Amino acid sequence: MNGRKIGEVVLDLKNISLSFGGVKALQDISFNVLEHEVRAIIGPNGAGKSSMLNVINGVYRPQQGDIILRGEHHTNMDSYGAAKAGLARTFQNIALFKGMSVLDNIMTGRNLKMKANMLQQAFWFGPAQREELEHRAKVEEIIDFLEIQHIRKTPVGRLPYGLQKRVDLARALAMEPQILLLDEPMAGMNVEEKQDMCRFILDVNDQFGTTVVLIEHDMGVVMDISDRVVVLDYGKKIGDGTPDEVRANPDVISAYLGASH
Amino acid sequence: MFYRENGQFKTSYKADQQAFAIPQDRWAIVAIVAFAFIGVPLLVDEYMFRAILVPFLILSLAALGVNILVGYCGQITLGAGASMAVGAYASYNFLIRVDGMPALAAILLGGLMAAAAGIVFGAPSLRVRGLYLAVATLAAQFFWDWAFLRIKWFTNNSSSGSVSVADINLLGWTINTPTDKYLFCLGILVAFSVMAKNLLRGNMGRQWMAIRDMDVAATVIGIRPMYAKLTAFAVSSFYLGVAGALWGMVNLGSWEPAAFSIDRSLQLLFMVIIGGMGAISGSFFGAAFIVILPIFLNQMLPLVGTLFGLDVSTALVSHVEFIIFGSLIVFFLIVEPHGIARLWATGREKLRLWPFPH
Amino acid sequence: MAFFLETLLGGLMSGMLYSLVALGFVLIFKASGVFNFAQGAMVLFAALAMARFSEWIPAWLGMDNLFIANVLAFAVAVVIMFIVAWLIERLALRYLVNQEGATLLMATLGIAYVLDGIGQTIFGSAIYKIDVGMPKEPVMMLESVFEGGILINKEDFIAALIAALLVISLSIFFQKTATGRALRAVADDHQAAQSIGIPLDRIWVIVWCVAGITALVAGIIWGSKLGVQFSLSTIALRALPVVILGGLTSVPGAIIGGLIIGVGEKLSEVYLGPYVGGGIEIWFAYMLALVFLLFRPQGLFGEKIIDRV
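Here is the structure:
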């Protein structure tokens, strides 16, 4: 890894607890994310990984705990607030806007940066058009970066799964986020697609310096690309550290091998 | 053969983001609009204007408003008629209560009032969706039905909410013949369609569609559901309000609240379903269909009846109309949820490739 | 006080009738996720069939026993409603499985139009009578408690009784029979029910049949009260706020919601109406439901909705 320098703590999660009715999805979880690092969250099914991501970007609000983003408390943040604070994410079950083209999907990621008001947009010529073209140019850069030029105008519903995942990533990147949350970016992909996706994630991290938090099932991938790993099981944190440390952790081994609980 | 894009290359994003990126489309639209302004008035008679063209234009505008909300933003409404009523009565009040109020200004102000009302009654969309929202919009429908019937101030103390206006005047042009009415409505429709197209291809339209397709994901990428939904309600109601004002002051001349009852709301929804949800052209197809079908049935059914020696009453015709509307709605929802506009688009797609099928 | 009680009771009685229509909504929504806007059209259709056959049957058979005519007409109307239910499932609903709620709602609007059209083509569009021998004369009650007593319509009272009976028998059907269990299973999860071998299409036909019967009962009661005419089809619109208030998936919700709306409408019309020009019944119920929605989007007894990503 060249040029990239891991920095200070950007995101600090303290004692997060979340429950739905009687179900405790997350119990007293704390961990932090350093600037420019690739941080993985792993764990068996139902461990609370997606809930964790949902807490970080404000889709769910934890009953207890504190989210500190660059030294500021963001505990009551909703997902719009998270977007404004520079968090972007992709979804486990692709959540693209299926009635829109690839280009339009990615353009929605620019929404927070577009300022023309409704009247200007209704008349098009002038500020609205200028703005639209500026952002289009930016979006085209991302399209080039992710190598999806050929499907620009295709409705996303018609795309194969692997490409949809890539468009999902493109939309998140269009927000120019500081922290990128990826929910199982490689689930259901074949080896080739996985390799591509790994390359994109590392490139994003490398070129734009974007901090990446990702959930992934493929252990090989996780161990290869992440700097530090946090392990959840049944809503509790059972391990945290570099891939090698985690691999050696007896709790983690027993959780994955299904040893006695 | 002629409808092909070979050899047309866009050299800038600007060219690629035009309203109609394919030159043939652009010329076709210009030709249709020019024909509508110049050719039609030379060709058709007064009956045609009064019975078909003027209602078609105004209902197209209204359907466009409904389509923005239902087709593009995914918020169902059964209260479209109420927005038309607010537009009609508000512009009426501006016209008679403010001295020297220009008619066009009164119509636009009526639209703005409708937009304000639309925001108020659209507010529940922030908490509820789908079926529950449909009920919330019905609340608006029944409330305004009642208000214009019972609150005398709105109707300048006329009985049973019926009001009438003199021929309206636009910068010295008195709009009284059917041809005048046609041209006036056509001008407004063209201007409003262009604005709709601009909104829908830009950031506003993307926000609406994002909310329609997946609202949770939309919030996550920084679209405020409140802003997107309320603007959709406002713009949609504005269009409906202007259409309502035109319907009252230009098409009818005198009207009562029943002109904008729940039947009107349902009719507008049907236009959008049959014409095509999420397509501007769908609004025109739907309006044309709903204006023409009853006239067609009225002419045809008695003829068919006499063939079989049956006496077809007007009541029967209206019942058959119900059956046909109903079946078509179910048919389109099952077979082609994007309506006539999608059939049209599929045909065009074929034409683009013709004569090479692949 | 007596006047207040009278209004209250009147409200409760008409509320019971709303509950009856609302019940039809809830049954279908629970089992198929369809918000059946055609319930009102079904009420009209059923009432028209009942009214016309009770006229035609005596003429065909050349007899004039009102009771037998009514029983026969009722039987025929039941059969007709079953056919309608079967046709709706067969021609429309089975192609719309798994569509969004709003699409289904619009489809039932279409069905409502078709039913209105066909019903009036076959049965005619004038005003017809249903005479099932409901007593029309009012009775005085509680004369010892209040001066002048309170006036109650016997007809309303019987209607409320029938409605209550229907609700009870439906609850028994749902809770105690095998079909009822299958219905509840389908309501919980289509796919899971299907995978354990519950035939989805048959269940839906049954649900629509049951809804057809509630429509028939509601049609007879309303029809004998107000006459069978086109406006009957709009009582669905009156019952809509009821289901919103009660929650779309709850049978007790439909009943309690109906009572609340019935009472609310009557009280508002009597005590509030005169100040604002009257006629507020129709939107008052909606406003009540709307205000309610804002605080409790899932209704009084509905299930809480959790968003998942």
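Chains as they are written, first to last, in numbering that gives the first Met the number 0: chain A, 0 to 260; chain B, 0 to 357; chain C, 0 to 308. Even glycine gets a Cβ: it sits at the ideal position worked out from N, Cα and C. Bear in mind the structure is a predicted one, so any value in this text is a computation, not a measurement.
1. Go ahead and pull the three-state DSSP assignment for Val102(C).
2. What are the uninterrupted segments assigned as alpha helix (DSSP H) that are 4 or more residues long and contained completely in the region 16 to 92 of chain C, given in chain order?
3. Nearest to Leu137(B) by CA position, among Pro123(B), Arg149(B), Ile150(B), is which residue?
4. Under the three-state reduction of DSSP, which class applies to Phe19(A): helix, strand or coil?
5. Looking at the secondary structure, which residues open and close the alpha helix (DSSP H) in which Ala173(A) lies?
6. Around the C-beta of His260(A), are 16 or more other C-beta atoms found within 10 angstroms, so that it is buried, or is it exposed?
7. Within 7 Å (strictly less), CB to CB, does His318(B) reach chain C?
8. Between the alpha carbons of Leu86(A) and Ile178(A), how many angstroms are there, rounded?
9. Find the residues of chain B that neighbour Asp202(A), judging by a C-beta separation of less than 8 Å, and give them in chain order.
10. So, are the CB atoms of Gly100(C) and Leu130(B) less than 7 Å apart?
11. May I have the straight-line CA-CA distance separating Trp207(B) from Met270(B), to the nearest angstrom?
12. Does the distance from the CB of Gly80(A) to the CB of Gly57(A) come in under 7 Å?
13. Taking the alpha-carbon positions, what's the Ser50(A) to Asp182(A) distance?
14. With 16 other CB atoms within 10 Å as the buried threshold, where does Glu130(A) fall?
15. Can you give me the C-alpha to C-alpha distance between Ala76(C) and Lys175(C), rounded to a whole angstrom?
16. In chain B, what lies closer than 9 Å to Leu132(A) by C-beta?
17. Going by the beta-carbon positions, is the gap between Leu68(B) and Ala242(B) smaller than 7 Å?
18. So what does Arg88(A) bridge to, in DSSP terms?
19. How about Ser100(A) and Pro159(A): are their beta carbons less than 7 Å apart?
20. At the level of alpha carbons, what is the spacing between Asn168(B) and Val319(B)?
21. Could you give the C-beta distance for Lys128(C) and Gly218(C), rounded to a whole number, given that I count them as a contact under 8 Å?
22. Who does Asp11(A) pair with in a DSSP beta bridge?
23. Would Leu244(C) and Leu11(C) be called neighbours here (beta carbons separated by less than 7 Å)?
24. Among Asp226(A), Ile252(A), Ala247(A), which one has its Cα closest to the Cα of Ile40(A)?
25. Is the number of C-beta pairs between the region 289 to 297 of chain C and the region 24 to 43 of chain C that are closer than 8 Å three or more?
26. In whole angstroms, what separates the C-alpha of Gly263(C) from that of Leu103(C)?
27. Run through DSSP, which three-state label would Asp15(B) get?
28. Could you list which residues in chain B have their beta carbon closer than 7 Å to that of Tyr17(C), in chain order?
29. Taking Cβ-Cβ distances below 8 Å as the criterion, which residues of the region 70 to 97 of chain A are in contact with chain B?
30. Just to confirm the assignment: which complete alpha helix (DSSP H) runs, minimum length 4, are found wholly within the region 254 to 337 of chain B?
31. Going along chain B, which residues have a C-beta under 7 Å from Ala121(A)?
32. With a cut-off of 7 Å, does the C-beta of Arg60(A) fall near any C-beta of chain B?
33. Roughly how many angstroms lie between the CA atoms of Ala177(B) and Asn92(B), to the nearest whole one?
34. Which same chain residues, not among the five before or five after Leu271(C), have their C-beta less than 8 Å away from its C-beta?
35. In chain B, which residues lie with their C-beta within 9 Å of the C-beta of Gly108(A)?
36. For Asp103(A), go through chain B and note every residue whose CB falls closer than 7 Å to its CB, in chain order.
Taking the structure as given:
1. The sequence as given places Thr at residue 102(C); Val does not occur at that position. Correct three-state label for Thr102(C): helix.
2. 38 to 60, 65 to 90
3. Pro123(B)
4. strand
5. 160 to 173
6. Its pLDDT being 46, under 50, His260(A) is placed unreliably by the model, and the measurement read from it follows with that caveat. Flag for His260(A) reads exposed.
7. yes
8. 5 Å
9. The contacting residues do not exist; Asp202(A) stays about 21 Å from chain B at best.
10. yes
11. 20 Å
12. yes
13. 10 Å
14. buried
15. 27 Å
16. Ser11, Tyr12, Lys13, Gln16
17. no
18. Leu180(A)
19. no
20. 40 Å
21. That pair is no contact at about 13 Å.
22. Asn31(A), Ile67(A)
23. no
24. Asp226(A)
25. no
26. 30 Å
27. helix
28. In chain order: nothing, as chain B lies at least about 14 Å away.
29. Asp77, Ser78, Tyr79, Ala81, Ala82, Lys83, Ala87, Arg88, Phe90, Ala94, Leu95, Phe96, Lys97
30. 261 to 274, 279 to 306, 313 to 334
31. Met194, Asn197, Leu198
32. no
33. Strictly speaking, residue 177(B) in this sequence is Pro, with Ala absent from that position. Near 24 Å, if we compare the C-alpha coordinates of Asn92(B) and Pro177(B).
34. Ile279, Phe283
35. Ile220, Gly221
36. Arg205
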